[in-house]
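> Have a look at the structure that comes next, please.
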Amino acid sequence: MSLATAADGAAPQQNWLDKIGAGHVILAAALLLYPLVASDFFLTQIAGYSMIFGVLSLSLMLLAGYGGMLSLAQITVAGIAAYAVAILGSNNSNVLGFGWPWWIVVPFAVAAAAVSSALIGWISVRTEGIYTLMITLAIATATFYFAQQNYAIFNGHSGYAGIHAPVFWGINWRDPKPFYYLCLGLAMLSYAAVLYGSRSTFGMTLQAIRDNPRRMRALGYHVTAHKVFAWFLAGILAGLAGVLLVWFNGRVSPGTIGVDVAIDILIIAVIGGLRHPIGPFVGAIVVILMQTFAIDIVGAERFNTLIGLVFLVIVFVSPDGILGLWGRIKPHLAQGSLRAGP
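The structure is reproduced here in structure tokens:
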């Protein structure tokens, strides 16, 4: 065989567009241009808030989708980062508030969240299924009541108020457009990191442990260490979301880390789909839109019933969430377009 023939038979190299995917490029362009047509309300209350909870639910997707570990403690981890921002930075509650600059506070807050998440993982990875869920629920509930009753560190029921986003490069990053791009940048980096990590050696090993931990242990892999490290990585994502959340609200209190919010994060992840990193963001948009607009239609008392019905319908129709439903419809759309062609 000649060199020319071998070269012709070689697989063609993919360009950057093929590697990234045209869909990702189009979506990124649309999100970057979105502030040109959106109001401040839709930039922050809808898009920004959705991306914060998308990143928070992404941390759950990393654990559940790739590691098979369901958790109800992700809002607890995010809350630890939020409280760290309030305590290490500045607040108006006249309790603690060391006044550290944001560029020191944020790494400390994220590190505290990651270490706390790893500790929760170390406690819960020795169980499976519903038992892991119940342990993380117990941790989330205990943290909520401890924060509500402790005044020396968490300032009790009132929590901390007057927490401001940083101002640097002459920009107030809580203003609508800067805050939107800040959330967008974090969401895109988190999505890319999880997507890349799922294809890395660690990601493939974690998925193999999810499918058959006994075989992986027999092959010499430290199953517990891999799971705890996955919790650590998920804690980084949850910590970053917690920092954005406290900057968004300007305050943090036990209500921020309530059990109801923990369940909302699980609902968001399941509605969007736990099999792909984009799923949590899809679920977050759906739930935030419903919380913003549907509650005025059905009323606050019936809103949880509506959320429950939507959740049940999606789970029954497509156990893989909205993305799973799209995966079923897409082949039929492709067949229809082929039949319509010449």
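Position one of the sequence shown corresponds to residue 1 (full-length UniProt numbering), numbered consecutively onward.
The beta carbon of each residue, even a glycine, is placed where N, CA and C say it ideally should be.
(1) To the nearest angstrom, how far is it from the Cα of A152 to the Cα of A300?
(2) State buried or exposed for V91, treating a residue as buried only when at least 16 other CB atoms are found within 10 Å of its CB.
(3) From I120, R217, V286, pick the residue whose C-alpha is nearest to that of A47; which is it?
(4) Helix, strand or coil: how does DSSP classify A294 here?
(5) Cα separation between I314 and T143?
(6) Give the range of the alpha helix (DSSP H) segment to which N249 is assigned.
(7) In whole angstroms, give me the CA-to-CA distance for F41 and I265.
(8) Assign L36 to one of two classes, buried (16 or more other C-beta atoms within 10 Å of its C-beta) or exposed (fewer than that).
(9) With a floor of 4 residues, list each alpha helix (DSSP H) that falls wholly inside the stretch 48-110, ordered by position along the chain.
(10) Helix, strand or coil, according to DSSP, for Y160 in the structure here?
(11) Who are F168's beta bridge partners in DSSP?
(12) Rounding to the nearest angstrom, what Cα-Cα distance links I20 and A29 in this structure?
(13) Count the CB pairs spanning the stretch 221-240 and the stretch 57-68 that are closer than 8 Å, and state whether there are at least three.
(14) Taking 9 Å as the cut-off, decide whether the C-beta atoms of Q74 and A193 are in contact.
(15) Taking all protein chains shown into account, decide if T136 is buried (16 or more other Cβ within 10 angstroms of its Cβ) or exposed.
(16) At a cut of 8 Å, does the stretch 245-254 reach the stretch 69-86 through at least three beta carbon pairs?
(17) I need the straight-line Cα distance from H276 to H226, nearest angstrom please.
(18) Based on DSSP bridge pairs, tell me the residues matched to V252.
(19) Label L274 either buried or exposed according to how many other C-beta atoms from any shown protein chain fall within 10 Å of its C-beta, with 16 as the threshold for buried.
(20) Would you mind working out which of L289, A241, I267, G250 sits nearest T76, comparing C-alpha positions?
(21) If you measure between the beta carbons of A238 and A22, is that distance less than 9 Å?
(22) So what's P277 in DSSP terms, helix, strand or just coil?
(23) For residue 365, which residues in the same chain have their Cβ closer than 8 Å to its Cβ, ignoring the five residues on either side in sequence?
(24) Decide yes or no for the touch test of the stretch 154-163 against the stretch 93-105: beta carbon pairs closer than 8 Å, at least 3 of them.
(25) If contacts are defined as beta-carbon pairs under 8 Å, then P254 and A138 qualify, I think. What distance do you get, rounded to the angstrom?
(26) Quick check: the stretch 214-228 against the stretch 119-130, are there 3 or more CB pairs under 8 Å?
(27) Express the C-alpha separation of G68 and G308 in angstroms, rounding to a whole number.
(28) Could you check what DSSP says for P319 in three-state terms: helix, strand or coil?
(29) Please report how far the alpha carbon of S337 lies from the alpha carbon of I271, in whole angstroms.
(30) Would M51 be called buried (16 or more neighbouring beta carbons within 10 Å of its own) or exposed?
(31) Going by alpha carbons, who is nearest to G89 out of A78, Y49, V105?
(32) Go ahead and pull the three-state DSSP assignment for N155.
(33) Identify whether A38 lies in helix, strand or coil by the three-state DSSP scheme.
(34) For T292, which residues of its own chain have a beta-carbon under 7 Å away from its beta-carbon, when the five flanking residues on both sides are left out?
(35) Please classify T201 as buried or exposed, where buried requires at least 16 other C-beta atoms within 10 Å of its C-beta.
(36) Any idea what DSSP makes of R199, helix, strand or coil?
According to the structure shown:
(1) If I take the Cα positions, the gap works out to 34 Å.
(2) Inspection of the sequence shows that residue 91 is occupied by Asn rather than by Val. Label assigned to N91: buried.
(3) Nearest C-alpha to A47: V286.
(4) Correct three-state label for A294: helix.
(5) Taking the straight line from one Cα to the other gives about 31 Å.
(6) Boundaries of the alpha helix (DSSP H) harbouring N249: 223-249, taken from the DSSP string.
(7) Answer to the nearest angstrom: the Cα atoms are 22 Å apart.
(8) By the 10 Å Cβ count, L36 comes out exposed.
(9) Counting only runs of 4+ residues, the alpha helix (DSSP H) found wholly inside the stretch 48-110 occupies 49-61, 74-88, in chain order.
(10) Correct three-state label for Y160: strand.
(11) Within the DSSP secondary-structure output, F168 pairs in a beta bridge with I171.
(12) Near 13 Å, if we compare the C-alpha coordinates of A29 and I20.
(13) Three or more Cβ pairs closer than 8 Å define a contact, and the stretch 221-240 meets that threshold against the stretch 57-68.
(14) Q74 places its beta carbon 9 Å or farther from that of A193.
(15) So T136 counts as buried.
(16) Verdict: yes, contact present.
(17) Taking the CA atoms as reference points, H276 sits about 20 Å from H226.
(18) Bridge pairing for V252: Y160 [DSSP].
(19) L274 comes out buried.
(20) With distances taken between CA atoms, T76 lies nearest to A241 out of L289, A241, I267, G250.
(21) No, the pair does not count as a contact, with Cβ atoms beyond the cut-off.
(22) Reduced to three states, the DSSP call for P277 is coil.
(23) Outside the modelled stretch of the chain, which goes from 1 to 342, sits residue 365, for which no answer is possible.
(24) Remark: three or more beta-carbon pairs, one from each stretch, lie closer than 8 Å, so the stretch 154-163 and the stretch 93-105 are flagged as touching.
(25) Not confirmed; about 16 Å, so no contact.
(26) Because the criterion of three Cβ pairs below 8 Å is met, the stretch 214-228 and the stretch 119-130 touch.
(27) Distance between the alpha carbons of G308 and G68 is about 23 Å.
(28) Here P319 sits in coil by DSSP.
(29) No answer about S337 holds up, because its pLDDT of 45 lies below 50 and its placement is not dependable.
(30) Classification of M51: buried, given that the 10 Å Cβ count is 16 or more.
(31) Cα-wise, what sits closest to G89 is V105.
(32) N155 falls in the coil class under three-state DSSP.
(33) Residue state for A38 is assigned as coil, using DSSP reduced to three classes.
(34) For T292, where only same-chain residues beyond five positions count, the Cβ hits under 7 Å are Q45, I46.
(35) It is exposed - the Cβ of T201 has fewer than 16 other Cβ atoms within 10 Å.
(36) Three-state result, R199: coil.
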